[in-house]
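Single-structure report; data block below.
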Amino acid sequence: MTLRKALLINFAQNYGIIALQFAGSIILARLLSPGEIGIFSVASALIALAQAVRDFGVGQYIIQERELTRERLRAAFSVSLLVAVVLAAITAGLSGVAADFYREPGVRNVMLVLSLNFLLIPFGQITLGYLQREMNFAAVAQVKIGSTVVHFAVSLVFAYAGHSYMSLAYASLANVLASAAIANLHRPAEIPWRMGFGEVRRVLSFGSLSVVSNLAGALAKGTADLVVGRMMSLVAVGLFSRAGGLIEIFNQGVMNALWAVALPHFSKTVREGGDVRGDYLRSAGFITGVAWPFFVVLALLGQPVVLLLYGEGWKDCIPLVKWFCLAYWVIAPFYLFSSVLIAIGQIGKVMWVELASLPVQFGLYVVGALTGDLEVVAAASVAYQGFKAVFVYLLLSRYLGFRLAVLAGALWRSLGVTVGTAVITLPVVMLSESIHAAVWLQILLGGVAATLAWLLSIFVLRHPLRGEALALIGRGVAVR
40 MTLRKALLIN FAQNYGIIAL QFAGSIILAR LLSPGEIGIF SVASALIALA QAVRDFGVGQ
100 YIIQERELTR ERLRAAFSVS LLVAVVLAAI TAGLSGVAAD FYREPGVRNV MLVLSLNFLL
160 IPFGQITLGY LQREMNFAAV AQVKIGSTVV HFAVSLVFAY AGHSYMSLAY ASLANVLASA
220 AIANLHRPAE IPWRMGFGEV RRVLSFGSLS VVSNLAGALA KGTADLVVGR MMSLVAVGLF
280 SRAGGLIEIF NQGVMNALWA VALPHFSKTV REGGDVRGDY LRSAGFITGV AWPFFVVLAL
340 LGQPVVLLLY GEGWKDCIPL VKWFCLAYWV IAPFYLFSSV LIAIGQIGKV MWVELASLPV
400 QFGLYVVGAL TGDLEVVAAA SVAYQGFKAV FVYLLLSRYL GFRLAVLAGA LWRSLGVTVG
460 TAVITLPVVM LSESIHAAVW LQILLGGVAA TLAWLLSIFV LRHPLRGEAL ALIGRGVAVR
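Numbering (this note's numbering), first residue to last: 40 to 519.
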């Protein structure tokens, strides 16, 4: 499968899943009370760390392994199954303690059902990893969309039937079961069912580094909430979280599809002796060509976007959005750093990036919180992402063999596209604000101006995205 086709399939899959999840959340909000959803949310949060290590990096191991033998596949399955049994036992064992702590028996019931998920995951995980390794994203899309449809249907049926918060637990279990079942419809004959321990040490060596990296990443996501919640207020946590949520629009709409393809593609390039450095630089150019203009436009339209999505009660998070846009603008060229480092056999370096960044992030947020100004905390995120960007650049320059001038050569057109987009969009935004246009109209005018400016810029500057745009136009004409 070509890279372009893989990306198209993943984008279609991603948007389909987002649409189903959005529709499901709206309907469930009318079938379940906040308290019922809260019980499930608490139980889910309690096993969040277990979720972070549930596959022990086995999926990534299968994708990046240069010589994937049957014995190594058996070892991967064995490790996955043993870890699953341990996590299921721990989760089930702690369910009663959690229920007593929260004085809510429902927490125990949900955790017991969710613990069964761990036991099912290994039976689909090996196949999914193998399909991704082989770039068979059509089959992967069937698995993910099919399991999402099952989750959607089961949650609504059981909620409508009066099963309260347990409907969400049953839906989660059905999702994993469906994922394993559909994956095994595509299971190649070369994947063995038997367990084997001859290559377990090799799998554990990779998996242990992956687990530490994932745990550090999970902690990093919650650092701001912990610091702000303890040193400032829960209201401040809400504002900070809502502002950060807008950035997730880009991650969910664009990056999730790219992340799914990046590791398999880079790993395949490495196995075939291709130019992985060139692939990374090209991908950085593509990503920044979209991300940089997006974050600039979001910063310009931060006020109407917040007011439209969240309402007047959330206007205090508007300044935070601008700082978050700047922070993610800084790190955008390195969005795929972990994928490329894992592909070249340097997962240990990914772990050290996450571990080294964590105390820096914590310290910067603490210093920001000490001022009592939430905007200073948001500004600290820029410093944190700047530190991480420098760290990652130094690693990539060493292991991929490029210098700053080479990276700049891959990104200068993206910078030009960003400037061109901003120069045309800014006057439109200022004009719409000056005439006190409705917030939806401000977003519409700004969005149209930004889109036209972006298209004009990528063609004038001959950005690599120009070729992709022409290919899409050509495909559309051919279909007609």
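Every residue gets a Cβ at the ideal spot worked out from N, C-alpha and C, and that includes glycine.
Assuming residue 113 and residue 292 make a contact with CB atoms under 8 Å, what is their CB distance in whole Å? Not a contact, Cβ separation roughly 39 Å.
The alpha helix (DSSP H) enclosing residue 541, as first and last residue numbers: Limits of the chain in this structure are 40 at one end and 519 at the other, which puts residue 541 out of reach.
Residue 118: which of 213, 181, 238 and 41 sits nearest, CA to CA? 238
DSSP three-state call for residue 432: helix, strand or coil? helix
What are the boundary residues of the alpha helix (DSSP H) that residue 167 is part of? Per DSSP, residue 167 belongs to the alpha helix (DSSP H) from 161-172.
From residue 56 to residue 209, what distance separates their C-alpha atoms? 19 Å
According to the neighbour-count rule (16 or more other Cβ atoms, all chains shown, within 10 Å of its Cβ), is residue 115 buried or exposed?
A residue is called buried once 16 or more other Cβ atoms fall within 10 Å of its Cβ, and residue 115 is buried on that count.
To the nearest angstrom, how far is the alpha carbon of residue 60 from that of residue 187? In a straight line, the C-alpha of residue 60 is about 8 Å away from that of residue 187.
### Query
Is it the case that the CB of residue 387 approaches a heavy atom of the ligand ADP more closely than 6 Å?
Absence of the ligand ADP from the depicted structure is noted, as is the absence of any ligand whatsoever, leaving it without description.
Just list the alpha helix (DSSP H) runs in the region 176-200, keeping only unbroken ones of 4 residues or longer that don't cross its boundaries, in chain order.
With a minimum length of 4 residues, the continuous alpha helix (DSSP H) runs that stay inside the region 176-200 are 176-199.
_Less than 7 Å between C-beta atoms, sequence neighbours within five positions excluded: which residues of the same chain meet that for residue 399?_
423 and 426
| Okay, do the region 269-279 and the region 349-361 touch, 3+ Cβ pairs below 8 Å being the bar? | yes
Going by alpha carbons, who is nearest to residue 312 out of 331, 247 and 382?
-> It is 382 whose Cα lies nearest to the Cα of residue 312.
- Message: Could you check whether residue 123 and residue 161 sit closer than 7 Å to each other, using their CB atoms as the reference points?
- Response: yes
- For residue 383, does the three-state DSSP call read helix, strand or coil? Coil, per DSSP.
contact_flag[the region 163-182, the region 101-111] where n(CB pairs < 8 Å) is 3 or more
Because the criterion of three Cβ pairs below 8 Å is met, the region 163-182 and the region 101-111 touch.
| said: So, under 8 Å CB-CB, residue 419 and residue 406 are touching, yes? Tell me the CB distance rounded to an integer number of Å. | reply: 7 Å
The alpha helix (DSSP H) enclosing residue 314, as first and last residue numbers:
Element bounds for residue 314: n/a, residue is neither H nor E.
*asked:* Rounding to the nearest angstrom, what Cα-Cα distance links residue 258 and residue 499 in this structure?
replied: Straight-line Cα distance between these residues: approximately 43 Å.
message = DSSP three-state label for residue 304, please.
response = Residue 304 falls in the helix class under three-state DSSP.
- Message: Once DSSP output is grouped into helix, strand and coil, what is the label at residue 108?
- Response: coil
Quick check on residue 264: does DSSP put it in helix, strand or coil? helix
*For residue 150, which option in 462, 136 and 325 has the closest C-alpha, if you only look at C-alpha atoms?*
136
| request: Within 10 angstroms of the Cβ of residue 510, are there 16 or more other Cβ atoms? Answer buried if so, exposed if not. | output: exposed
Taking the continuous alpha helix (DSSP H) assigned at residue 209, which residues delimit it?
205-224
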